[in-house]
Amino acid sequence: MRYEYDSVGQLSHCRLPDGCTLDYRHLSGGRLSSIDLNGSRLTSHQFSAGREQQRQQGLLLSQYQYDEQGRLQAHSVSQRDKHLFQRRYNYDANGNLAGINDSRKGNRSYHYDPLDRLISVRGATPESFAHDPAGNLLGQNDLPTANLANVKGNRLLMQGDRHYDYDAYGNLIRERRGSGQKLVTEYRYDCQHRLIGVSLPGGSTASYKYDAFGRRIEKTVDGHTTEFLWQGERLIAESAENRYRSYIYELGSFRPLAMLDGEGPLRAAPFYYQLDHLGTPQELTDYSGEIMWSAKYRAYGNLAALDVSEIDNPLRFQGQYFDAETGLHYNRHRYYNPGTGRFLTPDPIKLAGGLNSYQYVPNPTGWVDPLGLSCKPGACPIVKSINPNEVRFSQNSVSYNKIDRATGENFSYDDLVSSMKRKVGRASLLM
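Numbering (our numbering), first residue to last: 1 to 431.
This is how it looks when you write it as structure tokens:
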């Protein structure tokens with residue numbers, strides 16, 4: 001990776017690991033106006049009052065509208081003068097997402113309990129949920145009471161025909177399911193509680209390797225290896241035997257902007273992400289505007305349907321990478337199971353990440369956790385490369401001394417770290 005900056009410190013040029021180049025152009029006020037890929041226009045952007053109003057991606061034009069609180073209210077996509085689709089977002093008095101009117105995928109409405117926890121989704125793929133007082137997701141889709149999850153100490157022990165075993169540190173090491181619990185999935189961890197191996201019921205195996213910062217740099221599934229390259233906390237590229245892909249993000253965020261399929265300036269073909277209000281990919285489109293990938297999601301991140309799959313897309317919730325071999329989402333510091341709405345391992349920052357160390361988010365329609373450490377409502381943090389001197393690892397935890405401050409309504413990790421220290425301080429007084 002090579003970077004160049006303009007006279008006011010804004011990123012102006014970036015060279016990706018495969019030799020592709022990105023040139024960023026900004027207006028006098030500092031707002032991004034366009035991005036060029038290898039000398040050709042990749043995207044164009046128009047901002048007003050600090051919010052992106054229009055985005056040109058190939059032949060597609062996206063237009064965005066916001067409410068008085070700055071929340072995304074509408075996303076319309078057109079091709080030249082032809083309207084293609086639109087999504088409108090509605091919010092309730094508590095600020096929760098109340099509904100999505102989607103001209104492509106149908107309408108959905110969301111309903112919450114007095115604690116703002118999601119209890120039902122109505123639409124083409126209806127869902128319902130039950131929670132315990134600690135925020136553990138006990139059941140989905142009107143499971144009988146006898147099939148609700150059995151949770152002890154926030155550890156999921158049983159749900160339906162699935163039984164779960166843990167090691168002394170609280171890491172999930174075994175899942176047993178099926179008749180007589182004969183279908184067994186086993187998980188192995190290193191001394192820093194990072195997942196390094198999975199054995200599946202059919203005999204398949206997967207292994208994972210990490211760098212000194214805990215970022216996954218390699219996975220091998222049944223002898224086939226994929227390598228991962230990183231830009232700070234964000235996955236920037238992956239390389240396999242017959243595939244190379246690069247990922248480009250909106251500046252300073254975990255929201256994906258484009259995927260480059262192919263290695264090098266002569267082969268890399270851009271595909272553009274169309275996102276929802278939380279930055280979750282809904283479609284991938286090519287330069288002409290043709291939809292190459294499209295999915296419908298369940299509330300906690302499982303795919304309900306894959307509408308179009310001309311190209312594969314592994315990105316899910318912000319900061320998550322879908323592992324087809326296990327069905328898990330790699331979430332930087334931990335692995336997330338969208339089937340249970342939980343992480344496999346306790347939060348490495350312990351109480352600083354919340355009282356329930358396995359919970360993904362209290363509400364999947366309005367919260368994100370791109371690092372697998374601590375969730376925040378709404379928008380994601382501005383992120384840049386982390387200074388190795390500002391990261392501290394121990395056998396059981398990882399912490400940040402400083403991460404760049406966000407702007408606008410994006411939350412600040414400086415504030416998060418201060419909050420962590422206050423929580424840990426209060427917790428220590430109670431022990």
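Note that CB positions come from ideal geometry on N, CA and C, so glycine has one too.
This one's a predicted model, so the numbers in the text were calculated from it and none came from an experiment.
- Inclusion of isoleucine 349 and serine 374 in the CB contact set at 8 Å is warranted, their separation being smaller than that value.
- For the options Thr285, Leu61, Asp307, the alpha carbon positioned closest to that of lysine 105 is the one of Asp307.
- Residue environment analysis places glycine 319 among the buried positions, since at least 16 neighbouring C-beta atoms fall within 10 angstroms of its C-beta.
- According to the DSSP assignment, phenylalanine 47 belongs to the beta strand (DSSP E) that extends over 40-48.
- Secondary-structure assignment with DSSP links methionine 158 through a beta bridge to Asn150, His163.
- Taking C-alpha positions only, leucine 351 is separated from alanine 134 by approximately 14 Å.
- By the C-beta density criterion, alanine 295 is buried, having at least 16 other C-beta atoms within 10 angstroms.
- Counting only residues of its own chain and dropping the five nearest sequence neighbours on each side, glutamine 46 has a CB closer than 6 Å to the CB of Gln53, Gln54.
- Comparing alpha carbon positions, the residue from Tyr210, Gly354, Glu218, Glu186 closest to serine 204 is Glu186.
- Annotated as proximal: arginine 88 and glutamine 73, with beta-carbon spacing under 8 Å.
- In the DSSP annotation of this structure, asparagine 96 is not part of any beta strand (DSSP E), being labelled neither H nor E.
- The alpha-carbon separation between glycine 262 and aspartate 276 amounts to approximately 26 Å.
- For the options Ala98, Ser28, Gly214, His163, the alpha carbon positioned closest to that of glutamine 10 is the one of Ser28.
- For serine 44 and serine 12, the gap between their C-alpha atoms comes out near 15 Å.
- Bridge partners of lysine 376 according to DSSP: Val368.
- The alpha-carbon separation between isoleucine 173 and arginine 298 amounts to approximately 26 Å.
- Around the beta carbon of lysine 376, 16 or more other beta carbons lie within 10 angstroms, which makes this residue buried.
- Closest option to glycine 180, judged by alpha-carbon separation, among Asn171, Arg162, Ala168: Arg162.
- The beta carbon of arginine 255 is closer than 7 Å to those of Tyr249, Leu275, Gly279, Gln318, Cys380 in its chain, skipping five residues each way along the sequence.
- The C-alpha of aspartate 92 is placed about 32 Å away from the C-alpha of leucine 344.
- Counting only runs of at least 4 residues, the stretch 336-363 fully encloses no alpha helix (DSSP H) element at all.
- In this structure, glutamate 233 places its C-beta atom within 8 Å of the C-beta atom of arginine 332.
- Apart from sequence neighbours up to five positions away, the residues of its chain that approach asparagine 154 with a beta-carbon distance below 7 Å are Ala134, Asn136, Asn356, Ser357, Tyr358, ordered along the chain.
- Taking a 10 Å sphere around the C-beta of glutamine 57, we find 16 or more other C-beta atoms and assign the residue as buried.
- Secondary structure at serine 28: coil, using DSSP grouped into helix, strand and coil.
- Between tyrosine 300 and glycine 341, the CB-CB gap stays under 8 Å.
- Taking 3 residues as the minimum length, the beta strand (DSSP E) runs contained wholly in the stretch 256-332 are 256-261, 269-275, 281-285, 291-297, 303-309, 329-331, in order along the chain.
- Counting other Cβ atoms within 10 Å of its Cβ, methionine 1 stays below 16 and is therefore classed as exposed.
- Note: glutamine 86 is bridge-paired with Ser76 in the DSSP secondary-structure output.
- Look at glycine 232 here: in three-state DSSP terms it is coil, with no helix or strand label.
- Per the coordinates, the alpha-carbon of glutamate 325 lies some 33 Å from the alpha-carbon of histidine 111.
- For glycine 178 and aspartate 347, the gap between their C-alpha atoms comes out near 29 Å.
- Within the stretch 193-237, the complete beta strand (DSSP E) runs of at least 3 residues fall at 195-199, 205-210, 216-221, 224-231.
- With fewer than 16 other CB atoms across the displayed protein chains lying within 10 angstroms of its CB, glycine 19 is exposed.
- Distance from the CA atom of glutamine 282 to the CA atom of leucine 315, rounded to whole angstroms, is 10 Å.
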